[in-house]
Amino acid sequence: MFRFKGFCRGYYIVKNIANSVTKDDINSNAVLEYAVGHLGIKDIVIGGHTYCGGISFILEQTKNKKGNQKESKRISKWLMPIQRLYEEKRSELDDIDDEYLKLRKLSEMNVKRVVDIVNGLDSIKSARSKGKVINVHGWIYLMEKGIFEDLKVTKSR
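For the sequence shown, the numbering used here begins at 1062 and goes up steadily by one.
1) Quick one: Cα of residue 1211 to Cα of residue 1083, how far?
2) Check whether the Cβ of residue 1140 sits closer than 6 Å to any heavy atom of the ligand GTP, and report yes or no.
3) Considering residue 1171, what are the terminal residues of the alpha helix (DSSP H) in which it resides?
4) Helix, strand or coil for residue 1196, going by three-state DSSP, please let me know.
5) Do residue 1172 and residue 1207 have their C-beta atoms within less than 7 Å of each other?
6) With a threshold of 7 Å on Cβ separation, who are the neighbours of residue 1180 within its own chain once the five nearest residues in sequence on each side are excluded?
7) Thinking just about the alpha-carbon of each residue, which of 1169, 1178, 1157 is nearest to the one in residue 1213?
8) Starting from the C-beta of residue 1092, find all residues in its chain whose C-beta is less than 6 Å away, skip the five residues before and the five after it, and write them out in chain order.
9) Roughly how many angstroms lie between the CA atoms of residue 1112 and residue 1202, to the nearest whole one?
10) With distances taken from CA atoms, which of 1086, 1165, 1089, 1156 is nearest residue 1209?
11) Give me, in chain order, the residues of the same chain whose beta-carbon lies closer than 8 Å to that of residue 1188; leave out the 5 immediate sequence neighbours on both sides.
12) Roughly how many angstroms separate the alpha carbons of residue 1162 and residue 1150, rounded to a whole number?
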């Protein structure tokens, strides 16, 4: 979930499954370019959340390699970057026995991944090279508490 503070002191919000973003994702790239270049957005919040269905889907697919491949082909393709993240961090994640904590940890890792991607996008780098201050924050929404937690991964300038 992206949250952009902007027009009319409101928020410009974009959502997708598991907050996945890639450098080649035309939708997310267009949204970010528009928000930064045309709306003058200075703060971008990448917000994951606990009990994320997309993150759960990845862990379920990993446990049950069979899955329903035909029905989940597009979903699996969309979530592939997070699946790769899981594979990279598998030893760390598999050491976590509590399912909630494992899901939360992967959600947090994904937010950090997306913060890094957003900071590397041409539209963000271009705006910064022109002197615009762009802050990219990473938060996780704790659904059970109704609060956001700052993951302390903000990258500025």
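Virtual Cβ for every residue (Gly too), placed ideally from N, Cα, C. All values reported here derive from a predicted model rather than from experimental measurement.
The short version:
1) About 22 Å.
2) With respect to small molecules bound, the structure shown includes none, and the ligand GTP cannot be examined in it.
3) That run of the alpha helix (DSSP H) goes 1160-1181.
4) If DSSP states are grouped into helix, strand and coil, residue 1196 belongs with the strands.
5) By the CB criterion at 7 Å, residue 1172 and residue 1207 fall outside the cutoff.
6) Residues 1197, 1216 of the same chain have their beta carbon placed closer than 7 Å to that of residue 1180, with the five preceding and five following residues left out of the count.
7) The shortest C-alpha separation from residue 1213 is found at 1169.
8) These residues qualify, in order along the chain: 1075.
9) Their Cα atoms are separated by approximately 10 Å.
10) Nearest of 1086, 1165, 1089, 1156 to residue 1209, Cα basis: 1165.
11) Close CB contacts of residue 1188 within its chain, under the 8 Å cut and outside five residues either way in sequence, are with 1097, 1098, 1195 (chain order).
12) Cα to Cα, residue 1162 sits roughly 14 Å from residue 1150.
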